[in-house]
Each structure stands twice: as C-alpha cells, then as structure tokens.
DNA sequence: GGTTATTATAGGAATAATCCTATATAAGAA
DNA sequence: TTCTTATATAGGATTATTCCTATAATAACC
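Residue numbers (the numbering used here), protein chains in the order written: chain A, 1 to 185; chain B, 186 to 370.
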C-alpha cells in the first residue's frame, strides 16, 4: 500500500502524531495522494504491528494524550526498498472520460456546456497552484534541505504542467466545436 | 458508480452479454476505465435488480448459455440523467509522485534511473496509441455514426495529449538534472 | 495426445478507500 | 451563551476494485 510509504516518508523526517500527519497530507501531498484521517490512524496501527514504527505516548492535560510515532530501523529499510522499486504502470480512472465517450447522444449545447464547466474547474485548479506558489516561503520551512525542497516543488510543477496541457487541449476543442467540427449525426 | 453508466452506454447501442462487454471495455474504454470481468457480471446482476436492464437467456449447445442484457426505459433515463450531471472533481492518486516527493534520500543516479524508466514507459504508451491509430478502421466499424466516432477518437486524443505533455516535462527534467540543477544536499 | 485458447458464467476473499460516528476539553467568536 | 474551531484519538459500516477459483465444451495448435 502506497499510503504506508508516504507516512514512512514523513516519519523519516521526524516523529509525528496521526493528527500531525493528517495536516501534512492536506498541505503537501494531497494533490496526488489524498488521505482520510481514519485511514491514517488505521495505517499507523498496522505499521506498528509490523514493527515499522514505534509509539511514544505523551500525556497532555488540556488535550487528549498524544501518540507520537517514530520510524524504526525496519521501517527505514522498508522505505528505502520501496523508493528504489519500480512501480507497476498506473491505471487511470476518469469518470469524466466516460461521459465524453458517450456524449454523442447529447445536444451540441449540452456538450459545450460540459467542456466549458471542466475548463472552468481547471482554471480554478491552476489558480490554487498559483496561490501555493505565492506562499511558497511558508512551505519551505517544513523541508530540511534544498534537495528535499526541489522534489516538493517538482510534484507541484507536475500538477501545473498536467493541468495546463489539459486546459489548452480543452480550449482548443471548444474552438473546434464552435467551428463546426463536431458531426451532427 | 461510474461503471454502471459505462455499461449502460454500451447497452444503449445494442444488447450485449457480459462476455461481449468485457471485450468492449478492453478495446475501447480501458485506457480511462479498466474493468474486471467479475466486476462486470456483478454490476449487470445489480442493474437487473434495479430494473435498468433486462435479461434474455439464449440457449447454446456447444457453448454455455448466453445471457443477453438489453437496456430498459428506466435504464435509458438513468443514463441520460447521469450524462448531463456534472461530476464531482476527480482526485488523482499517483504512487509515482510519492516516490518523487521522497526521492531526496536517493542518489542522483538512482533518481535519473527512475525518471528514465518512467520516460521509457511513456514512450511505449505513445507507441501503443500510435498502433491503435494505425488500425483505426477496425475500430470505426464498432461505432454507429460519425458523431459517436468523434467522441471515441476524442478520448484517445486526450490520452495522447496527456502522455505527450508528461513525456516532454520529464525529458526536460532529465536534462535539467544532468545540467546540475538538482541540489546535492 | 496434451496443452492452450475461446466462449460463457459467477461466487468468495482480500484489499483499499470513504463516510459516519463517538469521545473529550478548551479557546475564541458570534 | 451557544456555536464553531482546534486538539487528539479510533471503531464500524459501506463502497469499490481486484484477485483467485470453479465449471464446461470445443477447437486449434504443437
């Protein structure tokens, strides 16, 4: 399970609680690996059974007790092994593409509306990436080295690149349809 | 569930058996919605309970009996409704990106090897798309109209466009790393 | 003559991910 | 004063997908 290794990756920086990890996920890897809070806690429990992490309970008065997870030697080895293992090719799943595939039965207006809506969402997505870039200093505090920062930024660049190329494609498509390139029958 | 609607989409062309549908999935929508054989049979059974499809058993001597599924009025309405309903934004999941995010701890050689391997897979993917384009006449037989064919081709174009832009990105990245743009520490 | 492919079905188990709920306290906002 | 947010945990149910297995007959390949 990839989630295991994403968590190990963070714990390899320093020990964190499940709560910390959830926040990290939401601010850094969310755009390519969203994770549910309850999933993170379950995975931590499972990893502790496997001996990849160990738990230190830190009692707190005002707040519920905090369980801090730190990576073990075994965990570090597993992480390193996974990082250097080629992954099987990824399968895409896009319900949007199913709608496109069977769109012939819709009217030209419905089709254009659909594509314009998708283009709008993509523009909003790009705006979100731009927002992150503007506050990049806030994020750079979380990384330990320029090398780490390089890869963090790289995953953002991949996201921006993909979105941009998809948006260009769809904008061109809308033009082509307006130009009458979509067969009526 | 999107699979329901993909199946309805095919049944809206004409009645098919589960076996037929599996072959259709593998030759047409596989690149954006792979489906397991056993999943297709289960989904057909569920849709039949909901009244979206009806079953006609066609006895065969040499082969096991064939169950042909055809779309009902209800099914057609459901399909039409789904096709015109905006989908919630899709979440990407890419284990590859997790590897990239935590790649700082690998050596430059390991990192370059990883990216070159991915680039190679992408080139192979583009070659597969090219193969399909070369045999496009075989596929065009399956569609009922130029309008349907347009959307079929469109989903292929989307795939090619995405792959091309990702490949260009990664090739540029490899160049940048060779140029010494990856911080050593 | 034996193995593999094709046609045709479908159940069962395992894995993955999401969604909903519950507990508990304190600070701060409305 | 009540509602929301933040801190912190985790179980249970549901949904989605994949993997493995089983059955059954014929045709084609080696």
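Yeah, the Cβ is synthetic: ideal placement off N, Cα and C, and Gly gets one too.
If you measure between the beta carbons of residue i and residue j, is that distance less than 7 Å?
| i | j | result |
| --- | --- | --- |
| residue 335(B) | residue 182(A) | yes |
| residue 196(B) | residue 256(B) | yes |
| residue 222(B) | residue 207(B) | yes |
| residue 260(B) | residue 238(B) | yes |
| residue 119(A) | residue 177(A) | no |
| residue 263(B) | residue 104(A) | no |
| residue 82(A) | residue 16(A) | no |
| residue 167(A) | residue 122(A) | yes |
| residue 73(A) | residue 55(A) | no |
| residue 228(B) | residue 193(B) | no |
| residue 31(A) | residue 159(A) | yes |
| residue 86(A) | residue 302(B) | yes |
Which residue or residues does DSSP assign as beta-bridge partners of residue i?
| i | result |
| --- | --- |
| residue 67(A) | 57(A) |
| residue 16(A) | 69(A) |
Kindly give me the distance between the Cβ atoms of residue i and residue j, rounded to whole angstroms, as I take these residues to be in contact under 8 Å.
| i | j | result |
| --- | --- | --- |
| residue 295(B) | residue 143(A) | Not quite, the Cβ-Cβ distance comes to about 20 Å (not below 8 Å), so this is no contact. |
| residue 115(A) | residue 214(B) | The Cβ separation is near 19 Å, so there is no contact. |
| residue 370(B) | residue 34(A) | About 31 Å separates the two Cβ atoms, so there is no contact after all. |
Does the count of Cβ pairs from the stretch 91 to 98 of chain A and the stretch 264 to 280 of chain B closer than 8 Å reach three?
Contact between the stretch 91 to 98 of chain A and the stretch 264 to 280 of chain B is present, because at least three Cβ pairs lie under 8 Å.
Contact between the stretch 161 to 170 of chain A and the stretch 110 to 129 of chain A is defined here as three or more beta-carbon pairs at a separation below 8 Å; is this criterion met?
Enough Cβ pairs lie closer than 8 Å, so yes.
May I ask you to list, following chain order, the residues of the stretch 216 to 236 of chain B that have a beta carbon less than 9 Å from some beta carbon of chain A?
Of all residues in the stretch 216 to 236 of chain B, 216, 217, 218, 219 have a Cβ within less than 9 Å of some Cβ in chain A.
Given a limit of 8 Å on CB to CB distance, which residues of the stretch 91 to 122 of chain A reach chain B?
Per Cβ criterion, the list reads 91, 92, 93, 94, 95, 96, 97, 98, 99, 100, 101, 102, 103, 104, 105, 106, 110, 114, 117, 121.
Mind checking the stretch 56 to 75 of chain A against chain B and listing, in chain order, the residues whose C-beta falls within less than 7 Å of any C-beta there?
So nothing in the stretch comes that close.
Using Cβ-Cβ distances below 9 Å, what residues of the stretch 319 to 353 of chain B are close to chain A?
Hits within the stretch, in order: 328, 329, 330, 331, 332, 333, 334, 335, 336, 337, 339, 340, 342, 343, 344, 346, 347, 349, 350, 351, 353.
Using Cβ-Cβ distances below 9 Å, what residues of the stretch 356 to 368 of chain B are close to chain A?
Listed by position along the chain: 358, 366, 367, 368.
Residues of the stretch 10 to 25 of chain A with a CB closer than 9 Å to any CB of chain B: list them in chain order, please.
So the close ones are 10, 12.
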